[in-house]
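Only one structure is covered here, and it is reproduced in the block below.
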Amino acid sequence: MKKLLLALLAGVITMGTAQSALYHRGNGMIYDDVSNVTWLQDANYAASNRALSSIYADGTMTRDVADIWLASLNHDRLLGYNDWRLPELSYRLVDGLGYVIDTSELGHLYSDGNLSLFQNIEQGFYWSSWLSGTGSAWTFDFSNGSTNLNYGSTGHVMLIREGDVTTVPAPPVSVLLLTGLGLMGL
229 MKKLLLALLA
239 GVITMGTAQS
249 ALYHRGNGMI
259 YDDVSNVTWL
269 QDANYAASNR
279 ALSSIYADGT
289 MTRDVADIWL
299 ASLNHDRLLG
309 YNDWRLPELS
319 YRLVDGLGYV
329 IDTSELGHLY
339 SDGNLSLFQN
349 IEQGFYWSSW
359 LSGTGSAWTF
369 DFSNGSTNLN
379 YGSTGHVMLI
389 REGDVTTVPA
399 PPVSVLLLTG
409 LGLMGL
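Offset between the sequence shown (1-based) and the numbering used here: plus 228.
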């Protein structure tokens, strides 16, 4: 009986310690299970989908054009969804370390080395959803992990949306527990 209780306790303790990961969901989408967001796999989708004449051949655009382009993609329901957005970029001040960006959506991808599933990660900066009061916007550079305020420059755009595109309902914990106890009883 003690062994059964110890095994049950170990199972309950380890249930919540799964490692985070990115999952390729097909159709050009990557799911991040930590941030609970889905990324467009092509990190430079604008280069191949230049719906606006103000998008340069390399896929860069001003921040204002990025907003217009994003609105047009949502209007057309890119990959069946109309809630694509620019990623958030946040940072926090840590004593002795300065600013760290690993708490943001862009920083999470960079700091965890999670870029291998993405296509067309470009040198140079990517626009974030954060605007400053001075008419500039925060950007993130994947070549070195830096953040900057930019005004009037051209940058790349990565697209993101909330949640998972293929949510599979998980069985309730009680079902898993009873199944485990039943198997242990055999």
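We put the beta carbon where it would ideally sit given N, CA and C, even for glycine. No experiment lies behind these values; they were computed from the predicted model shown.
Please list, in chain order, all residues of the same chain as residue i whose beta carbon is under 8 angstroms from its beta carbon, the five residues on each side excluded.
{"i": "Gly363", "result": "Tyr379"}
{"i": "Trp358", "result": "Glu316, Leu317, Ser318, Ala365 and Trp366"}
{"i": "Gly256", "result": "Leu268, Gln269, Asp270 and Leu307"}
{"i": "Asp311", "result": "Asn302, Arg389 and Glu390"}
{"i": "Gly373", "result": "Ile329, Gly335, Tyr338 and Ser339"}
Is residue j closer than 8 angstroms to residue i when the C-beta atoms are compared?
{"i": "Leu345", "j": "Gln269", "result": "yes"}
{"i": "Val265", "j": "Glu390", "result": "yes"}
{"i": "Phe368", "j": "Ser356", "result": "yes"}
{"i": "Met352", "j": "Gly383", "result": "The amino acid occupying residue 352 in the given sequence is Gly; Met does not appear at that position. In this structure, Gly383 lies closer than 8 angstroms to Gly352 by Cβ."}
{"i": "Leu377", "j": "Ser360", "result": "yes"}
{"i": "Val385", "j": "Ala285", "result": "no"}
So what's residue i in DSSP terms, helix, strand or just coil?
{"i": "Ser381", "result": "coil"}
{"i": "Arg389", "result": "strand"}
{"i": "Thr394", "result": "coil"}
{"i": "Thr334", "result": "Per the sequence shown, residue 334 should be read as Leu rather than Thr. Here Leu334 sits in helix by DSSP."}
{"i": "Ser339", "result": "helix"}
{"i": "Tyr284", "result": "coil"}
{"i": "Lys230", "result": "Unreliable placement is indicated for Lys230, whose pLDDT of 46 sits below 50; the coordinate value is still reported in the next sentence. DSSP places Lys230 in helix when its eight states are reduced to three."}
{"i": "Phe346", "result": "coil"}
{"i": "Thr367", "result": "strand"}
How many whole angstroms separate the CB atoms of residue i and residue j, which I take to be in contact at a CB cut-off of 8 angstroms?
{"i": "Ala274", "j": "Ile283", "result": "5 angstroms"}
{"i": "Gly307", "j": "Ile296", "result": "Residue identity differs from the one stated: residue 307 is Leu in this sequence, not Gly. Between Ile296 and Leu307 the Cβ distance is about 19 angstroms, and since that is not below 8 angstroms, they are no contact."}
{"i": "Leu298", "j": "Leu314", "result": "7 angstroms"}
{"i": "Arg305", "j": "Thr394", "result": "Not quite, the Cβ-Cβ distance comes to about 17 angstroms (not below 8 angstroms), so this is no contact."}
Along the chain, where does the beta strand (DSSP E) containing residue i start, and where does it finish?
{"i": "Tyr309", "result": "From DSSP, Tyr309 is part of no beta strand (DSSP E); its letter is neither H nor E."}
{"i": "Tyr273", "result": "Per DSSP, Tyr273 belongs to no beta strand (DSSP E); it is in the alpha helix (DSSP H), Tyr273 to Ser276."}
{"i": "Ser357", "result": "Phe353 to Leu359"}
By Cβ distance, which residues of its chain are closer than 6 angstroms to residue i, with the 5 residues on each side in sequence left out?
{"i": "Trp267", "result": "Ile258 and Ile388"}
{"i": "Tyr251", "result": "Tyr259"}
{"i": "Thr290", "result": "Thr382"}
Over the uninterrupted alpha helix (DSSP H) stretch that includes residue i, give me the two end residues.
{"i": "Arg253", "result": "That residue, Arg253, is in no alpha helix (DSSP H); its beta strand (DSSP E) goes Leu250 to Gly254."}
{"i": "Leu301", "result": "Arg291 to His303"}
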